[in-house]
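**Q**
Residue numbers (the working numbering), protein chains in the order written: chain U, 69 to 371; chain V, 7 to 301.
#1: Assuming residue 270 of chain V contacts residue 47 of chain V under a Cβ cut-off of 8 angstroms, what Cβ separation, rounded to an integer in Å, is found between them?
#2: Leaving aside the five residues before and after residue 100 of chain V along the sequence, list all residues of the same chain whose C-beta is less than 7 angstroms from its C-beta, in chain order.
#3: Taking only three categories from DSSP, how would you classify residue 230 of chain U?
#4: Identify the contact partners of residue 110 of chain V in chain U, using a Cβ-Cβ distance below 7 angstroms as the criterion.
#5: What residues in its chain sit with their C-beta under 7 angstroms from that of residue 176 of chain V, if we drop five residues either side in the sequence?
#6: If you draw a straight line from the C-alpha of residue 125 of chain V to the C-alpha of residue 147 of chain V, how long is it?
#7: So, helix, strand or coil for residue 38 of chain V, using DSSP?
#8: Residue 243 of chain U and residue 171 of chain U: beta carbons closer than 9 angstroms?
#9: Cβ of residue 58 of chain V within 9 angstroms of Cβ of residue 274 of chain V?
#10: So, does the stretch 141-148 of chain U touch the stretch 331-349 of chain U, judging by three or more C-beta pairs under 8 angstroms?
#11: Using a cut-off of 8 angstroms between C-beta atoms, extract the partners of residue 209 of chain U located in chain V.
#12: How would you list, in chain order, the residues of chain U whose beta-carbon sits under 9 angstroms from the beta-carbon of residue 180 of chain V?
#13: What residue range is occupied by the uninterrupted alpha helix (DSSP H) comprising residue 7 of chain V?
#14: Using the DSSP secondary-structure output, state which residues sit across from residue 268 of chain V in a beta bridge.
#15: Looking only at its own chain, which residues have a Cβ that is under 6 angstroms from the Cβ of residue 364 of chain U, when we skip the five neighbours before and after it?
#16: Any beta carbon of chain U sitting closer than 9 angstroms to that of residue 55 of chain V?
#17: From residue 223 of chain U to residue 239 of chain U, what does the alpha carbon distance come to, in whole angstroms?
#18: Between residue 206 of chain V and chain U, is there a C-beta pair that is closer than 9 angstroms?
#19: Mind checking if residue 217 of chain U is an interface residue toward chain V, Cβ cutoff 9 angstroms exclusive?
#20: Drop a sphere of 10 angstroms on the beta-carbon of residue 96 of chain V, count the other beta-carbons inside from all chains shown, and report buried for 16 or more, exposed for fewer.
#21: Please go through the stretch 53-117 of chain V and give each complete alpha helix (DSSP H) segment of 4 or more residues, from N-terminal end onward.
#22: Taking DSSP as the reference, what is the three-state secondary structure of residue 49 of chain V?
#23: Under three-state DSSP, which class holds residue 283 of chain V?
#24: For residue 322 of chain V, which residues from the same chain have a beta carbon less than 6 angstroms from its beta carbon, with the 5 sequence-adjacent residues on both sides left out?
#25: Is residue 121 of chain U helix, strand or coil by DSSP?
#26: Just curious, the alpha helix (DSSP H) that residue 215 of chain U is in, first and last residue?
#27: Sorted by chain position, which residues of the same chain lie with C-beta nearer than 7 angstroms to residue 90 of chain V's C-beta, five sequence neighbours on each side aside?
#28: Hey, out of V:104, V:167 and V:132, whose CA is closest to residue 153 of chain V's CA?
#29: Using beta carbons (cut-off 9 angstroms, strictly below), is residue 269 of chain U in contact with chain V?
#30: By Cβ distance, which residues of its chain are closer than 7 angstroms to residue 66 of chain V, with the 5 residues on each side in sequence left out?
#31: Do you know whose CA, among V:205, V:242 and V:49, lies nearest residue 157 of chain V's CA?
#32: Counting C-beta neighbours from all protein chains within 10 Å, is the total for residue 140 of chain V 16 or more, i.e. buried, or is it exposed?
#33: When you compare the CB positions of residue 247 of chain U and residue 337 of chain U, do they come within less than 9 angstroms of one another, or not?
#34: Helix, strand or coil for residue 69 of chain U per DSSP?
#35: Along the stretch 9-20 of chain V, what residues have a CB closer than 9 angstroms to any CB found in chain U?
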């Protein structure tokens with residue numbers, strides 16, 4: 069009875085608020101819809117073009133496809149190598165994000181909770197990386213990676229035109245933000261649980277992996293999301309480090325190349341299909357994890 | 007202590023090899039005339055910087071970066087503040103915001119998760135100059151001349167600015183919405199009791215209390231504007247064209263280093279970009295420093 073009354077008064081209050089905001093709220097939604105359309109239409113238009121025929125693509129841009137041509141998608145996947153590029157991206161990002169999180173959290177933890185002479189300097193060394201434009205380092209980085217290729221035994225796996233080399237570079241360039249963010253996070257965690265574990269005879273390493281890391285979960289998730297997206301979307305570094313071997317390219321390189329190659333005799337339908345293929349997985353992942361993704365990407369700015 | 011060293015040795019080694027060493031080397035390479043992969047660098051002092059002063063293409067690039075540096079933050083922040091204000095009805099709506107605000111935030115934010123290289127190819131198609139282009143098709147249908155979004159030297163840079171704003175706005179809408187939601191409701195209620203309407207409430211309460219967040223956004227967007235590369239390199243004809251009308255510092259660095267193999271010269275450009283970045287960050291922090299409002 070009381071519940072029903074509360075529910076009724078709530079819904080009344082809501083109705084009342086909406087009524088009061090009447091004309092203003094219509095204008096508000098009109099303005100918000102304008103930007104919604106601006107965001108959605110180019111993407112929907114791309115998806116529509118990906119199932120059009122060549123003639124339809126070169127015809128009126130706003131016409132709908134007469135038949136849904138899924139063979140465009142098949143051609144993009146097979147002949148334009150989008151499938152290969154996507155697998156490469158998955159391999160590289162899986163390894164580099166895992167490596168970034170492992171090394172980044174280890175460094176951040178020690179720097180945050182084990183002060184020693186020089187630990188502050190090491191912390192600043194990491195954080196200073198946030199201020200440098202990557203373009204300054206491009207030329208020397210190219211030669212560093214080239215030289216790493218000459219290292220005995222492991223050289224062939226980490227030189228130029230190898231996924232290993234790209235992965236190590238991704239890890240190194242993701243460390244500044246990862247260390248900066250996680251060190252701040254580790255500092256806020258209470259020390260009592262760790263002390264209890266030490267009393268029980270746990271080693272430092274064990275306390276890190278089994279006590280502190282699980283406690284830092286929210287921060288770890290945010291930074292992981294941030295790194296996955298940043299590394300997946302990276303274009304500049306693979307452009308420099310994976311120049312000559314097309315079969316090793318990541319997705320962003322592949323998509324950019326298809327459009328650069330596209331002349332008059334190009335397969336435009338396959339270009340749109342490739343573009344849609346690059347967008348679709350992001351859309352699916354985003355719809356499922358949107359709140360974590362928004363938190364992860366804005367994490368750095370909300371400190 | 008042994009534990010601390012053990013945990014730090016790998017990350018620090020990797021970081022020094024791949025990040026610190028290249029940055030340090032860049033400054034010394036900038037003082038050499040190093041050309042070509044097999045040539046050996048020779049010290050030439052500030053010669054590269056003297057030549058940069060006369061390099062009209064590079065100064066065009068600097069001009070474009072500076073234009074973006076001013077306009078990208080201004081446009082993005084104003085649009086984002088406007089939408090964040092609408093979504094939260096000035097904060098009065100409480101945590102929930104207006105009806106459907108979650109939906110709008112999800113849609114607005116989506117471009118942020120797409121790679122710039124992908125967005126560049128997408129808008130290349132949207133901007134096509136004939137009736138197969140998404141924007142030109144309706145113009146032509148209405149009897150207007152098609153606009154050369156990417157082929158007209160007076161327009162191409164604005165197209166780039168438009169795409170950058172298109173991508174960035176959602177991020178700041180979400181950021182500012184979170185900021186507005188964290189402002190205590192009592193402040194809005196007190197203002198409402200005092201008779202403040204929407205706009206005064208926005209300018210007197212929301213805006214001042216969001217100032218820190220806006221400042222962070224300003225620095226982020228400024229750095230994005232100085233580091234523009236993929237959108238120019240992938241979307242524009244001649245990679246920075248037509249006739250260098252859209253080129254930016256990063257594109258010229260890449261072109262000089264990896265197409266002309268002028269490593270010394272490209273590094274000098276990198277040093278200039280570095281000083282622009284540091285200068286901008288210092289300036290932004292200085293200009294926007296003001297008393298912090300605790301709440």
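Using N, Cα and C, we set each Cβ at its ideal position, and we do this for glycine too.
**A** Taking the definition as stated:
#1: On the second chain, residue 270 of chain V is found 264 positions in, with the first residue counted as 1. On the second chain, residue 47 of chain V is found 41 positions in, with the first residue counted as 1. Yes, they are in contact, since the Cβ atoms of residue 270 of chain V and residue 47 of chain V sit about 6 angstroms apart, within 8 angstroms.
#2: Here the question's residue 100 of chain V lines up with position 94 in the second chain. Because the pLDDT of residue 100 of chain V is 47, which lies under 50, any placement of that residue in the model is unreliable, and the number read from its coordinates should be weighed accordingly. Correct list, in chain order: 191.
#3: Position 162 of the first chain holds residue 230 of chain U. In the structure shown, residue 230 of chain U sits in coil (DSSP, three-state: anything other than H, G, I, E or B).
#4: Position 104 of the second chain, counted from the start, is the residue given in the question as residue 110 of chain V. Within 7 angstroms Cβ-Cβ: 100 and 104.
#5: The residue given as residue 176 of chain V occupies position 170 in the second chain. 114, 115, 116, 117 and 118.
#6: Walking along the second chain from the start, residue 125 of chain V turns up at place 119. Walking along the second chain from the start, residue 147 of chain V turns up at place 141. Near 26 angstroms, if we compare the C-alpha coordinates of residue 147 of chain V and residue 125 of chain V.
#7: In the second chain, the residue the question calls residue 38 of chain V occupies position 32. In the structure shown, residue 38 of chain V sits in a strand (DSSP, three-state: E or B).
#8: Along the first chain, read from residue 1 onward, the residue named residue 243 of chain U stands at position 175. Along the first chain, read from residue 1 onward, the residue named residue 171 of chain U stands at position 103. It is a contact, given that the beta carbons lie within the stated cut-off.
#9: On the second chain, position 52 is the one that residue 58 of chain V refers to. On the second chain, position 268 is the one that residue 274 of chain V refers to. Their beta carbons are under 9 angstroms apart, which means residue 58 of chain V touches residue 274 of chain V by this criterion.
#10: yes
#11: For the purposes of this step, residue 209 of chain U is taken as the residue at position 141 of the first chain. Within chain V, the residues near residue 209 of chain U are 24 and 28.
#12: The residue labelled residue 180 of chain V in the question sits at position 174 within the second chain. Neighbours of residue 180 of chain V on chain U, chain order: 362, 365 and 366.
#13: Here residue 7 of chain V refers to the residue found at position 1 of the second chain. Careful: residue 7 of chain V lies outside any alpha helix (DSSP H) and carries neither H nor E.
#14: By one-based count along the second chain, residue 268 of chain V stands at place 262. V:41.
#15: As a first step, residue 364 of chain U is located in the first chain; it is residue number 296 there, counting from the start. So the list reads 290, 293 and 294, once near-sequence residues are dropped.
#16: By one-based count along the second chain, residue 55 of chain V stands at place 49. So no, residue 55 of chain V is outside the interface.
#17: Position 155 of the first chain holds residue 223 of chain U. Position 171 of the first chain holds residue 239 of chain U. Roughly 18 angstroms between the two C-alpha positions.
#18: Reading the second chain from its first residue, position 200 is the one you call residue 206 of chain V. It does not; no Cβ of chain U falls within 9 angstroms.
#19: Taking the first residue of the first chain as position 1, residue 217 of chain U is located at position 149. Among the CB atoms of chain V, none fall inside 9 angstroms of the CB of residue 217 of chain U.
#20: Here residue 96 of chain V refers to the residue found at position 90 when the second chain is read from its first residue. Unreliable placement is indicated for residue 96 of chain V, whose pLDDT of 48 sits below 50; the coordinate value is still reported in the next sentence. So residue 96 of chain V counts as buried.
#21: List check, alpha helix (DSSP H) in window: 53-59, 62-93 and 107-115.
#22: Sequence index remark: in the second chain, residue 49 of chain V carries index 43 (1-based). Of the three classes helix, strand and coil, the one that applies to residue 49 of chain V here is strand, per DSSP.
#23: On the second chain, position 277 is the one that residue 283 of chain V refers to. Note: residue 283 of chain V maps to helix in three-state DSSP.
#24: Within the shown structure, residues of chain V are numbered from 7 to 301, placing residue 322 of chain V beyond reach of any answer.
#25: Looking up residue 121 of chain U in the first chain gives position 53. Here residue 121 of chain U carries a coil assignment [DSSP, helix/strand/coil].
#26: Sequence index remark: in the first chain, residue 215 of chain U carries index 147 (1-based). That run of the alpha helix (DSSP H) goes 202-216.
#27: The residue you call residue 90 of chain V lines up with position 84 of the second chain. Counting only Cβ-Cβ distances below 7 angstroms, and skipping sequence neighbours, we find 179, 182, 183 and 186.
#28: Counting from 1 along the second chain, the entry for residue 153 of chain V is found at position 147. Ranking V:104, V:167 and V:132 by Cα distance to residue 153 of chain V puts V:132 first.
#29: If you number the first chain from 1, residue 269 of chain U lands on position 201. So, not an interface residue.
#30: Indexing the second chain from 1 puts residue 66 of chain V at position 60. 250 and 253, listed in sequence order.
#31: What you label residue 157 of chain V is simply residue 151 of the second chain in a count that begins at 1. Considering only alpha carbons, the answer is V:242.
#32: By one-based count along the second chain, residue 140 of chain V stands at place 134. When all chains shown are included, residue 140 of chain V counts as buried.
#33: Walking along the first chain from the start, residue 247 of chain U turns up at place 179. Walking along the first chain from the start, residue 337 of chain U turns up at place 269. Not closer than 9 angstroms, so no.
#34: Working through the first chain from its first residue, we reach residue 69 of chain U at position 1. Only weak support is given to the placement of residue 69 of chain U: the predicted model assigns it a pLDDT of 45, under 50, and the question is left unresolved by the model.
#35: 9, 10, 11, 12, 13, 14, 16, 17, 18 and 20
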